[in-house]
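Worksheet: one structure, shown below.
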Amino acid sequence: MIRYLEKSEFGACRPLWQEAFPEDSREFADYYFDKKLCQSAVLVKEDDTGRIVTMAHMNPYRVNVGKKMWKLDYIVGVATAADSRHRGHMRDVLMRMLGDMHQDRKPFCYLMPASPDIYRPFGFRYIFDQPRYRLGPEAKERLRRRELRLDGNLCSPLAGWINHWLSSRFQVYALRDRDYMEMLQSELDSEAGSVYGWYDGTGALQAFQSFWGREKREQRFLYAGRDEWLEPDSGQYPPRPAIMARITDVRSFMEAIVLDEGCPCPAMDVMVNIHDTLIPGNSGLWRWKIDGNGSSLTKRGLTLSEVHAGECAEEPDYPGTLVSTEVLDITIEQLASWLFGYSLLEELADGQQNVVPFWCAYVQALDGVYLDEVV
């Protein structure tokens with residue numbers, strides 16, 4: 161049976177967590193099950209005896225996406241008991257999860273895969289490569305370091321500082337607030353973490369850094385107000401693909417996509433044919449209206465031949481709207497890679513320029529993703 165656990169049952173999945181993630185310390189697992197998991201949803205599949213054989217945890221975050229702010233699920237803890245693998249249990253759970261998210265009109269979900277090949281068949285694609293930096297010698301010479309706590313009086317000011325740092329560089333990121341910062345401090349405490357602020361001579365915060373790890377000390381995060389104070393740590397920690405996403409409701413997701421400022425028209429009214437083999441509600445021929453504030457999709461009950469014949473012509477909502485019968489034919493995976501700004505549309509089309517309608521150049525992909533949460 162596949163079902164969502166009641167909060168009082170969350171502890172029942174800890175044995176599977178410990179089996180699947182033996183590298184996690186007891187202190188980290190205590191933090192996760194005692195604090196982090198409380199606001200989450202847990203979907204499980206049980207065998208005939210009621211034993212949990214597969215699970216997926218959905219941890220909610222408020223995520224800024226362009227001009228939108230959505231409560232989205234960060235998927236963690238996906239695991240199947242060792243004696244029950246290769247029987248389709250994980251597929252059953254993930255399919256139920258994706259279907260429920262579509263029903264709830266959640267735009268997308270995301271995860272940090274231990275093995276990307278597990279999730280590619282379910283439509284997940286990479287959208288974020290984790291950069292690795294260290295503080296450069298100039299910053300260490302000119303700034304003074306002070307150890308901080310994230311759950312005290314500085315909680316809100318530090319959250320504001322990070323939000324400003326993120327919003328000035330990226331369009332997709334998890335919003336920091338008091339709850340976020342206090343939870344992050346608990347997470348760091350579970351792994352003997354330390355947080356440091358780097359201040360200039362006026363007392364202004366210029367860089368923000370953390371380290372954690374009981375067995376092996378690692379940098380958890382580093383944000384600096386001036387990019388020249390950072391230097392790539394590519395020798396020890398090369399950039400790596402980190403976060404995969406899956407569009408679960410394409411109508412909701414497209415609300416965040418806007419027209420490029422270089423478009424000669426105030427709006428576009430075009431057609432897109434989307435293929436999604438796992439979520440039928442995303443598939444089909446859609447009328448895509450897009451302007452500088454957002455987008456909307458409306459399902460069309462037409463065939464491609466009728467569109468090419470001009471039988472779909474309708475009066476546009478705004479004078480000067482760019483209207484085209486050139487149809488973008490695209491999979492849900494390609495759509496995510498393109499609109500999250502991870503890959504160029506021409507690359508996804510294997511360099512066949514003729515298959516990409518001209519109007520696609522006027523669609524503004526999301527500019528910058530930064531999702532560095534662990535759980």
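The sequence shown maps to residues 161 to 535 in my numbering. Note that CB positions come from ideal geometry on N, CA and C, so glycine has one too. All of these numbers come straight from a predicted model, not from anything done at the bench.
{"query": "Own chain partners of Glu179 with C-beta closer than 8 Å, once the 5 adjacent residues on each side are dropped", "result": "Ala239, Ala241, Ala242"}
{"query": "Exposed unless 16 or more other CB atoms sit within 10 angstroms - verdict on Glu347", "result": "buried"}
{"query": "Residue span of the alpha helix (DSSP H) that contains Ser327, given as start and end", "result": "315-327"}
{"query": "Beta-carbon proximity list for Asp532, same chain, < 7 Å, skipping 5 on both sides", "result": "Gln290, Phe381"}
{"query": "Delimiting residues of the beta strand (DSSP E) encompassing Gly444", "result": "444-451"}
{"query": "Secondary structure, beta strand (DSSP E): runs of 3+ residues fully inside the region 181-218", "result": "201-206"}
{"query": "Residue from Gln494, Phe282, Gly373, Pro517 with nearest C-alpha to Glu507", "result": "Gln494"}
{"query": "Proximity to Tyr286 [Cα-Cα], best of Ser354, Arg338, Tyr270", "result": "Tyr270"}
{"query": "Whole-angstrom C-beta distance between Arg406 and Leu258, which should lie under 8 Å", "result": "7 Å"}
{"query": "Residue of Gln199, Asp207, Trp177, Asn224 minimising C-alpha distance to Asp527", "result": "Asn224"}
{"query": "Identity of the residues DSSP links to Phe330 by a beta bridge", "result": "Phe330 pairs with nothing; no bridge assigned."}
{"query": "Other residues of its chain near Leu310: CB distance less than 8 Å, five sequence neighbours each side excluded", "result": "Leu318, Met341, Glu342, Leu344, Gln345, Leu348, Val355"}
{"query": "CB of Cys173 within 7 Å of CB of Ile212, strictly", "result": "yes"}
{"query": "Beta-carbon proximity of Leu197 to Phe170, cut-off 7 Å", "result": "yes"}
{"query": "Whole-angstrom C-beta distance between Gly296 and Trp389, which should lie under 8 Å", "result": "5 Å"}
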